[in-house]
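Q:
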Amino acid sequence: MRSLFAYTWDFEAIPDAMPLLLEGAWMTVKLTVITMVLSLVLGFVVCVMRLSRYRALRWPAYAYTELFRTTPLLVQIIWFFFVLPKTFDINIDVFAMGVLALTLNVSAFVTEIFRAGIQSVDRGQREAALSTGMTEWVAMRRIVIPQAVRRVVPLLGAVWISLFKDTSLVAVIGIHELMFEGRELALATYRPVETFTVVSLLYFALTYPQSLGLNWLYERYRVVD
Amino acid sequence: MLLAQEVRKSFGELEVLRGIDLTLDRGDVVVLVGASGSGKSTFLRCLNRLIEPDGGRIVISGEEVTARKADLPKIRRRIGFVAQSFNLYPHMTAAGNVMEGPVTVLGEAKAAARERALEALARVGLAAKVDVYPNQLSGGQQQRVAIARALAMNPQLMLFDEPTSALDPELTGEVLDVMKRLADDGMTMLIASHEMHFARRVADRIVFIDEGLVVEEAPPDEFFGSPREVRTRRFLSRLMSWETD
Amino acid sequence: MGALSFSDYFRLLIDGLEITIVVSVFGLIGAVVIGLTVATLRMSRFRLVRFLGGLYIDFFRSTPLFAQLLWLFYVLPILTGFSFSAQVAGTIGLALYEAAFFAEIFRAGILAVPRGQREAALSTGMTRVQTSRRIVLPQAIRTMLPPGTSATVTLIKDSSLVSFVGVTDLLYQANSLAAVTLDPIGVLTVAALLYFALCYPITVAANWMQRRLTLKTA
Chain A
6 MRSLFAYTWD
16 FEAIPDAMPL
26 LLEGAWMTVK
36 LTVITMVLSL
46 VLGFVVCVMR
56 LSRYRALRWP
66 AYAYTELFRT
76 TPLLVQIIWF
86 FFVLPKTFDI
96 NIDVFAMGVL
106 ALTLNVSAFV
116 TEIFRAGIQS
126 VDRGQREAAL
136 STGMTEWVAM
146 RRIVIPQAVR
156 RVVPLLGAVW
166 ISLFKDTSLV
176 AVIGIHELMF
186 EGRELALATY
196 RPVETFTVVS
206 LLYFALTYPQ
216 SLGLNWLYER
226 YRVVD
Chain B
63 MLLAQEVRKS
73 FGELEVLRGI
83 DLTLDRGDVV
93 VLVGASGSGK
103 STFLRCLNRL
113 IEPDGGRIVI
123 SGEEVTARKA
133 DLPKIRRRIG
143 FVAQSFNLYP
153 HMTAAGNVME
163 GPVTVLGEAK
173 AAARERALEA
183 LARVGLAAKV
193 DVYPNQLSGG
203 QQQRVAIARA
213 LAMNPQLMLF
223 DEPTSALDPE
233 LTGEVLDVMK
243 RLADDGMTML
253 IASHEMHFAR
263 RVADRIVFID
273 EGLVVEEAPP
283 DEFFGSPREV
293 RTRRFLSRLM
303 SWETD
Chain C
80 MGALSFSDYF
90 RLLIDGLEIT
100 IVVSVFGLIG
110 AVVIGLTVAT
120 LRMSRFRLVR
130 FLGGLYIDFF
140 RSTPLFAQLL
150 WLFYVLPILT
160 GFSFSAQVAG
170 TIGLALYEAA
180 FFAEIFRAGI
190 LAVPRGQREA
200 ALSTGMTRVQ
210 TSRRIVLPQA
220 IRTMLPPGTS
230 ATVTLIKDSS
240 LVSFVGVTDL
250 LYQANSLAAV
260 TLDPIGVLTV
270 AALLYFALCY
280 PITVAANWMQ
290 RRLTLKTA
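Protein chains in written order, with our numbering: chain A, 6 to 230; chain B, 63 to 307; chain C, 80 to 297.
Have a look at this one:
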């Protein structure tokens, strides 16, 4: 332990680099927001497919969710990095690639959350609604989905926070978010210890308040079974 | 046998027990009655210090239960406790549940403990369900296993907290039968219950608790026939209003 | 590098897979041990101890694993004066991070055991230790198994990050090969499928356990 304090900490280069780091943080936020919005949409669509009566829709949805949840995000990101330009001859910028990879990954989890949320609503609720003469769709809309939302919201909050941290992975394909800026800075200043300490503290400062917000969400939407 | 003096307990602002006094002699069967929230459950749990009383003195078989240095596991072995929600260990069979105390706490050999467990289960009428798991038993059967489990420790005193309140009406009879036989065999019992017919037939005394205090204590005939306190009378009339006697 | 045949690069990937498995296993052991400790702290009678436990969890869950690994990689030698191999540093980092998640799972499992069970055990005269060992833990473990298995899968996936501190795991090998072969997609796809083959059976087991658990308590 003595060696930690024997090390000469030198934060000199940091204050000048702060603007760059903060820009990286802003990019992190942008990535998170855009990905989340897209994932909610895609997740909903795939969920509908997953719960559909038609095998032709169910099966691809199932394969997609299983594949993207059981392989590492980092592998997925790198895979897209190589595949898109080569195979599909799509030359999009890294930012779009990053968002694509992140969205496909997060949507798979969102699909499962929606699915579990809908299926967790007591079957009796749907029965009760239908027996008053509502159609399937109206019963969904007025009775099942509102109850499913209560269960789903806290879980989506957790996905959000995970996503916020996972954006650090797109640094490897060159997107200038916080982690990328951190690595660049560490290389430039030869001070990896100080740099990554500051980067970690920045992440903490951004994430911890969100966690507290998530806890509040949990309390508010707590389902008493 | 049992002496409780000025037992008090508060949960935050709420004073649940305001000084309960109760005495039991060996062989007594006492039924505690009172509205929900009057403190019956809390009081019973103070007797074996599952809940820590805030004040008062409890002596059981000469042992100071409320003493600071009281050997609680040792004291609790002498007290059998049957709760409203049975609380059978789901990962053990009926026999396993009954054997658990003797084997783990008393250090008995498994074979001997199993024999005694079979006897205890036969006594409560469940010889056929010895190797069955709790989730395959009805509520009444589970409660009877719970009673056998408590009896397996050879307690000197049995506490019952609303033993039949969680049961369907047609299942209460089998549990009450077991309890009556226990009483006839001379067990010292303190029972919190709503079952008035049972109380009238089996109890030596009825104790009415209201708002954390003992309001009235009397033998069944006197209690039901000519209650002294106004509150007792009000309680009884509310209780009996649904009964067609 | 000369031309690599399929069997060559497959063998390299398998080498990487071995490292991934080693890192995951030791990471898991570390995460479980640390997680249990932290969970115990969180359930202590003393407020300060509980707070410290909570601090650990909040701290390790509020920064990306990527940042933690890089930080640890540079700081560990300074902190302890020893030089660590990338694999050891990576495994430690992985364990510390995942422990925060396991701790919550353990705590939830223990709290899920109904209070009546403890009451019943204590009223037969069992000591606290006996109650924990014979009654609470067996039931808690049942509750912990499904989320614990999911957390294990997450751990295996997260282990892929150690490739970026120089550990020659599956992703590292795949990356290196992808840079030099004419078929990076093939290499990466095989790598992805290998991860899938590792994780999918565990996921299936977790789902099966989840279903069996909910049926039994009905």
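Glycine included, every Cβ here is placed at the ideal spot set by N, Cα and C.
If contacts are defined as beta-carbon pairs under 8 angstroms, then C:S141 and C:L234 qualify, I think. What distance do you get, rounded to the angstrom?
A: Incorrect: roughly 18 angstroms between the Cβ atoms, too far for contact.
Q: From the beta carbon of B:N149, is the nearest beta carbon of chain C less than 8 angstroms away?
A: yes
Q: Rounded to a whole number of angstroms, what is the C-alpha to C-alpha distance between C:S242 and B:A156?
A: 53 angstroms
Q: Any beta carbon from chain C within less than 8 angstroms of B:F270's own beta carbon?
A: no
Q: Whole-angstrom Cβ separation of A:I123 and A:V158, contact assumed at under 8 angstroms?
A: That pair is no contact at about 13 angstroms.
Q: So, are the CB atoms of A:L160 and A:R120 less than 8 angstroms apart?
A: no
Q: Whole angstroms are fine: how far does the CA of B:F143 sit from the CA of B:E83?
A: Strictly speaking, residue 83 of chain B in this sequence is Asp, with Glu absent from that position. B:D83 and B:F143: Cα-Cα distance of roughly 20 angstroms.
Q: According to DSSP, is C:T142 part of a helix, a strand, or is it coil?
A: Three-state DSSP puts C:T142 in coil, outside helix and strand.
Q: Over the uninterrupted alpha helix (DSSP H) stretch that includes B:F270, give me the two end residues.
A: Premise fails: B:F270 lies in the beta strand (DSSP E), R267 to D272, not in any alpha helix (DSSP H).
Q: Anything in chain A within Cβ reach of C:T282, meaning under 7 angstroms, just list it in chain order.
A: T75
Q: Identify the continuous beta strand (DSSP E) that holds B:I253 and give its terminal residues.
A: Segment T250 to A254, the beta strand (DSSP E) holding B:I253.
Q: Going along the chain, which residues of the stretch 197 to 225 of chain A sit with their C-beta nearer than 7 angstroms to a C-beta in chain C?
A: P197, V198, F201, T202, V204, S205, Y208, F209, T212, Y213 and S216
Q: Report the option in A:V175, A:F49 and A:M145 whose CA atom is closest to the CA atom of A:L107.
A: It is A:V175.
Q: Whole angstroms is fine: what's the gap from C:D94's alpha carbon to C:G169's?
A: 17 angstroms
Q: Of all the alpha helix (DSSP H) runs that stay within the bounds of the stretch 154 to 224 of chain B, which reach a length of 4 or more residues?
A: The stretch 154 to 224 of chain B contains these whole alpha helix (DSSP H) runs: 156 to 162, 172 to 185 and 201 to 213.
Q: Mind listing, in chain order, the continuous beta strand (DSSP E) runs of no fewer than 3 residues lying wholly within the stretch 107 to 151 of chain B?
A: 117 to 122 and 141 to 144
Q: On the three-state DSSP scale, how would you describe C:V101?
A: Assignment of C:V101 by DSSP, reduced to helix, strand and coil, places it in the helix class.
Q: Thinking just about the alpha-carbon of each residue, which of B:T85, B:P217, B:A189 and B:N216 is nearest to the one in B:R206?
A: Considering only alpha carbons, the answer is B:A189.
Q: Note down the Cα distance separating C:E177 from C:A110, rounded to an integer number of angstroms.
A: 6 angstroms
Q: Which word fits B:D223, buried or exposed, when buried means at least 16 other C-beta atoms lie within 10 angstroms of its C-beta?
A: buried
Q: Under 9 angstroms Cβ-Cβ, which residues of chain C neighbour A:M184?
A: P143, F145, A146 and L149
Q: Using a cut-off of 8 angstroms between C-beta atoms, extract the partners of C:D137 located in chain A.
A: Y213 and S216
Q: Within the same chain, show all residues whose beta-carbon is closer than 8 angstroms to that of C:R186, passing over the 5 residues directly before and after it, in chain order.
A: Result list for C:R186: A118, R121 and M122, in chain order.
Q: If you drop the 5 nearest sequence neighbours on each side, which residues of the same chain put their C-beta closer than 8 angstroms to that of A:D230?
A: Low per-residue confidence applies at A:D230: pLDDT is 42, beneath 50, and the placement is therefore not dependable, though the value from the model is reported in the following sentence. Hits under 8 angstroms: none found.
Q: Could you please give me the residues that DSSP links to B:S72 through a beta bridge?
A: In the DSSP output, where bridge partners are listed per residue, B:S72 has B:E77.
Q: Verify whether the separation of the beta carbon atoms of A:L78 and A:D171 is less than 8 angstroms.
A: yes
Q: Starting from B:M279, trace the alpha helix (DSSP H) both ways and give me its first and last residue.
A: The residue you asked about is not Met; residue 279 of chain B is Glu in the sequence shown. Unbroken run through B:E279 is the beta strand (DSSP E), L275 to A280; no alpha helix (DSSP H).
Q: Taking only three categories from DSSP, how would you classify A:T158?
A: Rather than Thr, the amino acid found at residue 158 of chain A in this sequence is Val. In the displayed model, A:V158 falls within a helix according to three-state DSSP.
Q: Would you decide whether A:F185 is buried or exposed? Buried here means 16 or more other CB atoms lie within 10 Å of its CB.
A: buried
Q: Between the alpha carbons of C:G245 and C:Y251, how many angstroms are there, rounded?
A: 8 angstroms
Q: To the nearest angstrom, how far is it from the Cα of A:L72 to the Cα of A:V50?
A: 17 angstroms
Q: With a threshold of 16 other CB atoms inside 10 Å of the CB of A:M23, please say whether the residue is buried or exposed.
A: exposed
Q: Among C:F139, C:A253, C:T99 and C:Q289, whose alpha-carbon lies nearest the alpha-carbon of C:Y88?
A: C:A253
Q: Mind checking who B:A66 pairs with in its DSSP beta bridge?
A: B:L84 and B:I120
Q: Would A:L219 be called buried (16 or more neighbouring beta carbons within 10 Å of its own) or exposed?
A: buried
Q: For B:A210 and B:L252, which I take to be in contact (beta-carbon distance under 8 angstroms), what is that distance rounded to the nearest angstrom?
A: Contact between B:A210 and B:L252 fails: their C-beta atoms lie close to 19 angstroms from each other, not under 8 angstroms.
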